[in-house]
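Structure record follows, encoded as structure tokens.
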Amino acid sequence: MAKLDDIIQELRNELGSDFVAASVVGMDGLAIAGGSVDPEFDATAASARFALVMKLAAKVSGKLQLGQVDDNLVTTDRVFILTRFLGDGSYYWEMAVTKDATLGMVRMLMNEYADRLWNAIPH
Amino acid sequence: MPLAGSLHDIALTDLIQITCQENRQARLVVQHEGKEAEIFFDGGNIVHARLDDLEGEEVIHQLLGWAEGEFHLESDVAPPTRTIETPWSALLMQGLQRYDELQWEASQLTTEEDNDMASTQASLQNLLTELGQEIQGFIAAAVVGMDGFGIANHAVDAKVQVESINAQMTMFTKLVQTSTTKLKAGNIEDNLLTTEQAIILVRFLEDDNYYLSIVADRSKANIGNLRLYSRLYAEQLSKAIPH
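Chains as they are written, first to last, in our numbering: chain A, 1073 to 1195; chain B, -12 to 230.
Next up, the structure:
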């Protein structure tokens, strides 16, 4: 998974001190790459919990006939947590950034890196 | 032989009228919700009434409000004292008039509460309508309780199933809220879900018991505009909700 980790490192460099965590996660809730730079942000727990969030998002969108889910953005008083499905939806990737981050930029990066990450996952 | 029965079958006013017209000396015992009252009749009039520590005309006024209960009427029971001088017909008239006044006041209070509720709903509705005019690609907005029920909704089209959106998004929002809490990632302010066709923004209102939900057309909406107006209107909506 070195290639995936390299891509995440590249993203981390782009975001600088705003970067908190990023992981590529299977829909079983297990991360195959990534991690957190903030000891208070548990990347493993986040991967597991947000797999459930993304599954429910897909279910809700299906029930409301709104098409496939692209991404989800949670804003708390500490961080932004973005999650986005990759490829065929068997993986998603999540990123946490500080509230100082430029949200538009982060969303754009999420979108840009999605294809690269999907292609780097061994199939 | 005592006459006994239920006030459901014969009204207290009828019982009083019949007993007085028969010029009976009698004692009427009425039981209602664990209370017991006595009315004494003599010479075609009510002469005494007692309910707990209360005696006299006021007892009759109170008993006229008892629509349900049991009674028994015993003849030839002498009154222990005389506390009522007013003729029975005048007494009933006064009592019924007072009962009607109390009923009217109660209905006025209910109407005031209903009016307050209607006015709150109208304020929320107006704010949601205004909000809809500010959002590009607006589809629907609602103020929703964490039980999944909307207290005010506004949609551009009656076909939009706002109740369904409210129920589904509440379930989803609760999971997001639990996840961020367990991760100690801070208190959730809003959640933005983007699908192929729509953008759904959920923003918590002041006390976290309600949230504002906005659904916009993905192809027309602007996320920055959506987040900005949701923030501005969340404040006003929070103020309009009674606490």
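Note that CB positions come from ideal geometry on N, CA and C, so glycine has one too.
The structure presented is a predicted model; accordingly, all values stated were derived computationally and were not measured.
Are Met1099 (chain A) and Ala1123 (chain A) closer than 8 Å when you measure CB to CB? Taking a C-beta distance under 8 Å as the contact criterion, Met1099 (chain A) and Ala1123 (chain A) qualify as a contact pair.
Exposed or buried, which one is Gly1106 (chain A) when buried takes at least 16 other CB atoms within 10 Å? With 16 or more Cβ atoms within 10 Å of its Cβ, Gly1106 (chain A) is classed as buried.
At the 8 Å Cβ level, is Glu150 (chain B) part of the contact set with chain A, yes or no? Chain A has no Cβ within less than 8 Å of the Cβ of Glu150 (chain B).
Between which two residues does the alpha helix (DSSP H) harbouring Glu72 (chain B) extend? Where Glu72 (chain B) is concerned, there is no enclosing alpha helix (DSSP H), because DSSP gives it neither an H nor an E.
Trp53 (chain B) and Val16 (chain B) - do their beta-carbons sit closer together than 8 Å? Cβ atoms of Val16 (chain B) and Trp53 (chain B): not closer than 8 Å.
Straight-line CA distance for Asp87 (chain B) to Ala(-2) (chain B)? Rounded to whole angstroms, Asp87 (chain B) and Ala(-2) (chain B) show a C-alpha spacing of 16 Å.
Taking Ile228 (chain B) as the reference, give the member of B:Leu115, B:His48, B:Ala77 with the closest Cα. Looking from the CA of Ile228 (chain B), the closest CA among B:Leu115, B:His48, B:Ala77 belongs to B:Leu115.
Return the CA-CA distance between Ile1079 (chain A) and Arg1188 (chain A), expressed in angstroms with no decimal places. So the alpha carbons of these two residues sit roughly 8 Å apart.
Using Cβ-Cβ distances below 7 Å, what residues of the region 1126 to 1145 of chain A are close to chain B? Flagged, chain order: Leu1128, Ala1129, Val1132, Ser1133, Lys1135, Leu1136, Leu1138, Gly1139, Gln1140, Val1141, Asp1142, Asp1143, Asn1144, Leu1145.
Identify, in the order they occur along the chain, each residue of the same chain with its Cβ nearer than 8 Å to the Cβ of Thr6 (chain B), setting aside the five sequence neighbours on each side. When the five nearest sequence neighbours on each side are left out, the beta carbons in the same chain lying within less than 8 Å of the beta carbon of Thr6 (chain B) are those of Ala13, Leu15, Phe28, Leu60, in order along the chain.
Which residue wins for smallest C-alpha separation from Asp194 (chain B), given the options B:Lys169, B:Ser225, B:Gln184, B:Thr182? The shortest CA-to-CA distance from Asp194 (chain B) to any of B:Lys169, B:Ser225, B:Gln184, B:Thr182 is the one to B:Ser225.
Would you say Glu1112 (chain A) faces chain B, with C-beta separation under 8 Å as the test? With 8 Å as the cut-off, Glu1112 (chain A) counts as an interface residue toward chain B.
Residue-level contact to chain A via CB, Met133 (chain B), 8 Å cutoff: Judged by the 8 Å Cβ criterion, Met133 (chain B) is not in contact with chain A.
Using a C-beta cutoff of 8 Å, does Phe137 (chain B) count as contacting chain A? It should be noted that the sequence gives Gly, not Phe, for residue 137 (chain B). For Gly137 (chain B), the answer is no, since every Cβ of chain A falls outside 8 Å of its Cβ.
Beta-bridge pairing of Arg190 (chain B) - partner residues as DSSP gives them: As DSSP reads the structure, Arg190 (chain B) sits in a beta bridge with B:Asp177, B:Leu199.
CA-CA distance, Thr0 (chain B) and Ser(-7) (chain B)? The alpha-carbon atoms of Thr0 (chain B) and Ser(-7) (chain B) are separated by roughly 13 Å.
Three-state class that DSSP yields for Ser110 (chain B) in the structure shown: Of the three classes helix, strand and coil, the one that applies to Ser110 (chain B) here is helix, per DSSP.
Boundaries of the alpha helix (DSSP H) in which Lys1135 (chain A) is found, first to last residue: It spans 1115 to 1135 - the alpha helix (DSSP H) in which Lys1135 (chain A) sits, taken as one unbroken run.
Run through the DSSP bridge pairs and tell me what Tyr1163 (chain A) is partnered with. According to the DSSP secondary-structure assignment, Tyr1163 (chain A) is paired through a beta bridge with A:Gly1098, A:Leu1158.
Nearest-angstrom Cα distance between Ala1120 (chain A) and Ala145 (chain B)? About 39 Å.
Applying a beta-carbon distance threshold of less than 8 Å, which residues of chain B neighbour Leu1124 (chain A)? Those within 8 Å of Leu1124 (chain A) in chain B are Leu162, Ser166.
Are at least three pairs of beta-carbons, each pair with one atom in the region 1136 to 1145 of chain A and one in the region 174 to 182 of chain B, less than 8 Å apart? Segments in contact, yes.
Determine the extent of the alpha helix (DSSP H) in which Leu(-1) (chain B) is found, giving its start and end residues. Counting along the chain, the unbroken alpha helix (DSSP H) around Leu(-1) (chain B) starts and ends at -1 to 8.
Which residues of chain B have a Cβ atom closer than 7 Å to the Cβ of Val1109 (chain A), listed in chain order? Near Val1109 (chain A) there are no residues of chain B at all, since even the closest Cβ is about 14 Å away, more than 7 Å.
Look at the Cβ atom of Ala36 (chain B), then the Cβ atom of Gly30 (chain B), and state whether they are nearer than 8 Å. Not closer than 8 Å, so no.
Please confirm whether Thr1174 (chain A) has its beta-carbon closer than 8 Å to some beta-carbon of chain B. Contacts with chain B at 8 Å (Cβ-Cβ) do not include Thr1174 (chain A).
So, under 8 Å CB-CB, Leu1138 (chain A) and Leu162 (chain B) are touching, yes? Tell me the CB distance rounded to an integer number of Å. Actually they are not in contact, since the Cβ atoms of Leu1138 (chain A) and Leu162 (chain B) sit about 17 Å apart, beyond 8 Å.
Which whole-angstrom value describes the C-beta separation of Arg85 (chain B) and His141 (chain B), a residue pair presumed to lie in contact below a C-beta threshold of 8 Å? Going by Cβ atoms, the distance from Arg85 (chain B) to His141 (chain B) rounds to 46 Å, so no, they are not a contact pair.
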